[in-house]
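Novice:
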Amino acid sequence: MRDSTNDECSSAKKRCLLKDLNQIRFLTLQDSVTAAPLNQTNLFEWQAIIIGPDGTPYERDLYELYLSIPCNYPVKPPKVRFKTEIFHPNIYKNSDICIDILQGQWSEVMSIEKILISIRSLLNEPNVNCPANPEVALLYKEHRNEFYRHIRNDINKQLKENLVSLAPLN
Numbered sequence: 001m002r003d004s005t006n007d008e009c010s011s012a013k014k015r016c017l018l019k020d021l022n023q024i025r026f027l028t029l030q031d032s033v034t035a036a037p038l039n040q041t042n043l044f045e046w047q048a049i050i051i052g053p054d055g056t057p058y059e060r061d062l063y064e065l066y067l068s069i070p071c072n073y074p075v076k077p078p079k080v081r082f083k084t085e086i087f088h089p090n091i092y093k094n095s096d097i098c099i100d101i102l103q104g105q106w107s108e109v110m111s112i113e114k115i116l117i118s119i120r121s122l123l124n125e126p127n128v129n130c131p132a133n134p135e136v137a138l139l140y141k142e143h144r145n146e147f148y149r150h151i152r153n154d155i156n157k158q159l160k161e162n163l164v165s166l167a168p169l170n
């Protein structure tokens, strides 16, 4: 079965995505981000992994993201959302990301690499002046220790769920 999205998009757009993929492969170890298409036949659906920045409550945790890249990329930005549950002022409850470069500040010179680095930076420095989740932003601003505790609890919950899913059945 052929992928219609892939067929409809021009080879120039595909070359642009391959260039982005090569940039990310070169970047992976240095900036704790990586991404690749979900499969080799469709360059317009990617998954990414971001490692939480050191010195943050997200430190060294792995966060999986899904990227849906439109045919008119890089004129229009990809849609990016977290697949891993995350407690953050700039992440909507549906896991979409509130970051200016994916909205009004998008430019054709942006790349998937720059998006992922910006999202990782957002983990380090949330934008509480324009939050996607006002309750979480308020907690971050006024009760930072409670904010950190909530993140640690979420991480521990996810680890337990992952361990349970790996446990052998009796």
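Each residue of the sequence shown is one higher than the last, beginning at 1 in UniProt numbering.
Note that the Cβ used here is the ideal one computed from N, Cα and C, for glycine as well.
1. Compare the C-alpha of E108 against each of L17, C9 and S11 and name the closest.
2. Helix, strand or coil for K19, going by three-state DSSP, please let me know.
3. Buried or exposed: where does D61 fall if 16 or more other Cβ atoms within 10 Å of its Cβ makes it buried?
4. Could you work out which residue in T56, C130 and L21 is closest to residue 187 when comparing CA atoms only?
5. To the nearest angstrom, how far is it from the Cα of I99 to the Cα of L166?
6. Are at least three pairs of beta-carbons, each pair with one atom in the stretch 67 to 78 and one in the stretch 135 to 152, less than 8 angstroms apart?
7. Using a threshold of 8 angstroms, state whether the C-beta atoms of Y63 and I151 are closer than that.
Specialist: For this structure:
1. By 1-based counting over the sequence shown, the position of residue 108 is 108. Ranking the options by Cα distance to E108, first place goes to L17.
2. Here the question's residue 19 lines up with position 19 in the sequence shown. Of the three classes helix, strand and coil, the one that applies to K19 here is helix, per DSSP.
3. Within the sequence shown, the letter at position 61 stands for residue 61. Per the 10 Å Cβ criterion, buried.
4. Lying outside 1 to 170, the shown extent of the chain, residue 187 is not represented and no answer is given.
5. By one-based count along the sequence shown, residue 99 stands at place 99. By one-based count along the sequence shown, residue 166 stands at place 166. Each residue's alpha carbon lies about 34 angstroms from the other.
6. Contact fails: fewer than three Cβ-Cβ distances are below 8 angstroms.
7. Against the sequence shown, residue 63 aligns to sequence position 63. Against the sequence shown, residue 151 aligns to sequence position 151. Contact flag unset, no.
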